[in-house]
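Residue numbers (the working numbering): 3 to 113. Think of the CB as a built atom: it goes at the ideal place given N, C-alpha and C, for glycine as much as any other residue. Note that the structure is a prediction, hence the values are computed from the model and not measured. In what follows, a single structure is set out as structure tokens and then discussed.
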């Protein structure tokens, strides 16, 4: 596989907390949404990066207890951005979902 995040794929990703991992996935989803109207290529690339980060999160053994949620999240993201949005999710809903991880990560770090 050709990773866009080569340093993270080489093992650094596993050193991140779950909250940091999800916050980073959320950043790529935010970019996906931002670029969707004006630059389809950038939007697609951001979404592919988000899936790459999410896949590394799924593969991280410390997240084993969250595997069901993470796999469902991947399915729902693909449904929203690539397919028919059968789950009826929204851009704002994804922003709200991932914001919580970024906020919790900041609190955990004492910010």
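### Message
If the criterion is Cβ atoms closer than 8 Å, does the pair residue 7 and residue 54 meet it?
### Response
Contact: yes.
### Every unbroken alpha helix (DSSP H) inside the segment 37-94 [4 residues or more]
Complete alpha helix (DSSP H) runs here, min 4: 42-61, 69-84.
### Task
Check whether the Cβ atoms of residue 19 and residue 80 sit closer than 8 Å, and answer yes or no.
Using a Cβ distance threshold of 8 Å, residue 19 and residue 80 do not count as a contacting pair.
### Message
Is the separation between the beta-carbon of residue 85 and that of residue 27 shorter than 8 Å?
### Response
Going by C-beta atoms, residue 85 is not nearer than 8 Å to residue 27.
### Query
With burial defined as no fewer than 16 other Cβ atoms inside 10 Å of the residue's Cβ, what is the status of residue 23: buried or exposed?
Per the 10 Å Cβ criterion, buried.
### Message
On the DSSP letters alone, give me the boundaries of the alpha helix (DSSP H) that residue 11 sits inside.
### Response
Membership of residue 11 in the alpha helix (DSSP H) is indicated by the continuous run 8-11.
### Check whether residue 25 and residue 107 have beta carbons under 8 Å apart
Going by C-beta atoms, residue 25 is nearer than 8 Å to residue 107.
### Query
Whose C-alpha, out of 41, 4, 31, is nearest the C-alpha of residue 104?
The alpha carbon of residue 104 has as its nearest neighbour, out of 41, 4, 31, the alpha carbon of 31.
### Message
Rounding to the nearest angstrom, what Cα-Cα distance links residue 37 and residue 49 in this structure?
### Response
Approximately 10 Å between the Cα atoms of the pair.
### Task
Compare the Cα-Cα distances from residue 83 to each of 57, 12, 39 and report the closest residue.
For residue 83, the nearest C-alpha among the options comes from 39.
### Query
Can you check whether the CB of residue 69 is closer than 8 Å to the CB of residue 56?
No, the pair does not count as a contact, with Cβ atoms beyond the cut-off.
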